[in-house]
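No gaps in the numbering here: position 122 of the sequence shown is 358 in this note's numbering, and each next residue is one more.
Report on one structure; see the data block that follows.
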Amino acid sequence: MIKHTLLVLGTSLALALALPAVAQDTAMTSVELPDICKSGMQHDMGSMKMDMTGMDQAHQDLAMGMDETNAQMMQGMMAEDIDVAFVCGMIPHHQAAINMAKAELEHGDSDWAKQMAQKVIDAQQQEIEEMLNWLNEQK
């Protein structure tokens, strides 16, 4: 069971940058991408849901923390300007890290892992703010 869960999670992580997903209805939060990040999109990226059958709630929350930002990441990377595309793709990528860290704080047992999760949240939130400020300057 653990090997299956790790295989599913590992495969999902590997595909995260290549496959779009629809945001899950969870308690996780996400950052709305600025319009500049959406300008390159000519069509809906579609939807693909990760199969979480057999996963416990903790692992589902961890996977959904990343899964819910995939469509935004793909959308952001389609911006015409490569610098803008990079930053627009990184915002949801950072949000996924925050969401996964929140799952660790909620479900984790290790004090070290929880401390690391809090560090991730603090750093990634600061970087998202910096990226949003930079994007606002590009208008």
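Beta carbons are placed, not taken as given, at the ideal position from N, Cα and C, and that holds for glycine.
For clarity, every value in this text was computed on a predicted model and none was experimentally measured.
CB-CB length for residue i against residue j, believed under 8 Å
i: isoleucine 327; j: isoleucine 357; result: Not quite, the Cβ-Cβ distance comes to about 15 Å (not below 8 Å), so this is no contact.
i: isoleucine 364; j: glutamine 331; result: 7 Å
i: methionine 314; j: alanine 307; result: The pair is not a contact, with the Cβ atoms about 11 Å apart (cut-off 8 Å).
Contact under 8 Å by Cβ, residue i with residue j
i: aspartate 297; j: alanine 339; result: yes
i: methionine 302; j: methionine 352; result: no
Reduced DSSP secondary structure (H/G/I, E/B, other) of residue i
i: valine 267; result: coil
i: methionine 314; result: coil
i: lysine 274; result: helix
i: glutamine 374; result: coil
i: aspartate 358; result: helix
i: lysine 344; result: Sequence check: residue 344 is glycine here, not lysine. Coil.
i: aspartate 292; result: coil
i: glutamate 366; result: helix
Separation of residue j from residue i, as counted between CA atoms
i: glutamine 360; j: threonine 289; result: 30 Å
i: methionine 309; j: aspartate 347; result: 31 Å
i: lysine 350; j: histidine 343; result: 9 Å
i: leucine 371; j: threonine 305; result: 19 Å
i: valine 323; j: lysine 274; result: 12 Å
i: glutamine 354; j: leucine 269; result: 23 Å
i: isoleucine 318; j: valine 267; result: 20 Å
i: alanine 299; j: glycine 325; result: 19 Å
i: methionine 264; j: methionine 367; result: For methionine 264, the pLDDT reaches just 47, beneath the cut-off of 50, and the residue's location in the model is therefore unreliable, although a value from the coordinates is still provided. Each residue's alpha carbon lies about 20 Å from the other.
i: isoleucine 272; j: lysine 375; result: 7 Å
Short CB-CB distance (under 8 Å) between residue i and chain B
i: leucine 269; result: No chain B is present in this structure, which holds just one protein chain.
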